[in-house]
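One structure is given below, encoded as structure tokens.
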Amino acid sequence: MSSVLLPLLPLLAALCHCGLADSPHPHRHDYCVLGAGPAGLQMGYFLERSGRDYIILERNQQPGSFFSIYPRHRRLISINKRFTGRRNREFNLRHDWNSLLSDRAGLLFTRVSAELYPPASSLQEYLAAFSGELRLRVRYGTDIARVHRAASGGAAFTLSDQEGQDYSCRVVLVATGLWVPQEVRFPGWEMVEGYESMPVDRNQFSGQAVLILGKGNSAFETAAHILPDTARVHLYSPSPVRLAWQTHYVGDLR
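Residue numbers -21 to -1, 1 to 233, in mature numbering (1 follows the signal peptide of the UniProt record, and there is no 0), belong to the letters of the sequence shown in order.
Shown next, in the form of structure tokens:
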């Protein structure tokens, strides 16, 4: 029996929020950031440092919830290079692909993991520490279902969550990432198992011939994971492999 897998495009953010009571209008803010992943938290840091009135709205109960599922095989491909041979902070940060920027020299990813290719759970741990220690204003469990132009009141946008609660915002910054699987339609496509739902137990591929559609990071991640238990693994795509070191694009194969 053969299996076919379709990879997903790489994706590009304290269980209580801090400081929300400081605002005299708790649901009116100058800046609303959607998503508490790496990008959302980084934006929140700069807004906090600038003394801006902002709120980060996150649908899940923790920051970086994307990394509770992805990468599917639980190993990051963003390197955690602790030793560069240099003492220059800026040079070292250029080789640190997981830490966010802050004024705290010790608030780096290296404090939660020493592995060059760390587990995804370590990034979640780091993002929680970053958000908590810097007291970023994050409201968890808030799923924004609708964004529309405000009718009046000085705000440019009104955001409505799953409970019907409205948030008035002058500026909306979307940091939700890319989360829709890339589907390729062809005869028999409905029998393809997507990267987002494929089994991660290698025993389910034992002795099988597996065809993976795509030659990106998700495809090679999957191939490397199941290779020891399969009879054959083939990767197919309409274009050659694009290596990140050649294209200088981090979304290409690392």
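For every residue, glycine included, the Cβ atom is placed at its ideal position computed from N, Cα and C.
For clarity, every value in this text was computed on a predicted model and none was experimentally measured.
- Name the DSSP beta bridge partners of H213, please? The partner list for H213 (beta bridge, DSSP) reads L190.
- Query: What's the call for Q21, buried or exposed, on a 16-neighbour Cβ count within 10 Å?
  - Reply: buried
- Message: Just verifying my parser: in three-state terms, what is the DSSP assignment at I56?
- Response: coil
- Item | G156 - DSSP class collapsed to helix/strand/coil | coil
- Task: Please confirm whether G43 and A154 have their CB atoms less than 8 Å apart.
- Result: no
- Pairing CB atoms from the segment 105 to 117 with CB atoms from the segment 78 to 90, are three or more of them under 8 Å? yes
- Item | Close Cβ partners of Y74 (< 8 Å) along its chain, the five nearest in sequence each way excluded | Reading off the sequence, residue 74 comes out as His, not Tyr. So the list reads I58, K60 and T63, once near-sequence residues are dropped.
- Task: May I ask you to report which of helix, strand or coil DSSP gives T89?
- Result: T89 falls in the helix class under three-state DSSP.
- Task: Indicate whether L13 and L152 have their beta-carbon atoms separated by less than 8 Å.
- Result: When the beta-carbon positions are compared, L13 and L152 come within less than 8 Å of each other.
- Item | Residue from R164, K194 and A210 with nearest C-alpha to N182 | A210
- Reducing DSSP to helix, strand and coil, say where H8 ends up. strand
- Could you give the distance in angstroms between the alpha-carbon of S2 and the alpha-carbon of F70? At S2, the pLDDT of 45 sits below 50, so the modelled position is not reliable and the matter cannot be decided from this model.
- According to the Cβ coordinates, are G230 and G16 closer than 8 Å? no
- Item | Spatial neighbours of A129 in its chain, beta-carbon cut-off 7 Å, leaving aside the 5 residues before and after | A135, F136, T137 and S147
- DSSP beta-bridge partners for S147? R7 and T137
- Message: Taking the beta carbon of L192 as the centre, do at least 16 other beta carbons fall within 10 Å, making it buried, or is it exposed?
- Response: The residue in question, L192, is buried, as its Cβ has 16 or more Cβ neighbours within 10 Å.
- is_contact[Y228, chain B] using C-beta, thresh 8 Å: In the structure shown, chain B does not exist; there is a single protein chain.
- Message: So for I123, helix, strand or coil by DSSP?
- Response: It is a strand residue.
- Task: Could you spell out where the alpha helix (DSSP H) holding L106 opens and where it closes?
- Result: A99 to E112
- For L(-13), name the three-state secondary structure that DSSP assigns. Summary for L(-13): the model assigns pLDDT 33, below 50, so the residue's position carries little reliability; its value from the coordinates is reported in the next sentence. Coil.
- Between which two residues does the alpha helix (DSSP H) carrying Y24 extend? P17 to R28
- Query: Mind checking L95: buried by the 16 CB within 10 Å criterion, or exposed?
  - Reply: Label assigned to L95: exposed.
- What residue from V150, R83, P217 and V212 has the CA that sits closest to F199's CA? V212
- Roughly how far, in whole angstroms, is the beta-carbon of C11 from the beta-carbon of I34, given that I think they are within contact range, below 8 Å? That belief holds up - the Cβ atoms of C11 and I34 are roughly 6 Å apart, short of 8 Å.
- Item | Cβ distance (whole Å) where Q144 is taken to contact H8 below 8 Å | The beta-carbon separation of Q144 and H8, rounded to 13 Å, does not stay under the 8 Å limit for a contact.
- In angstroms with no decimal places, state the Cα-to-Cα distance between Q161 and V220. 18 Å
- Message: Between the alpha carbons of Q225 and R164, how many angstroms are there, rounded?
- Response: For Q225 and R164, the distance between alpha carbons rounds to 30 Å.
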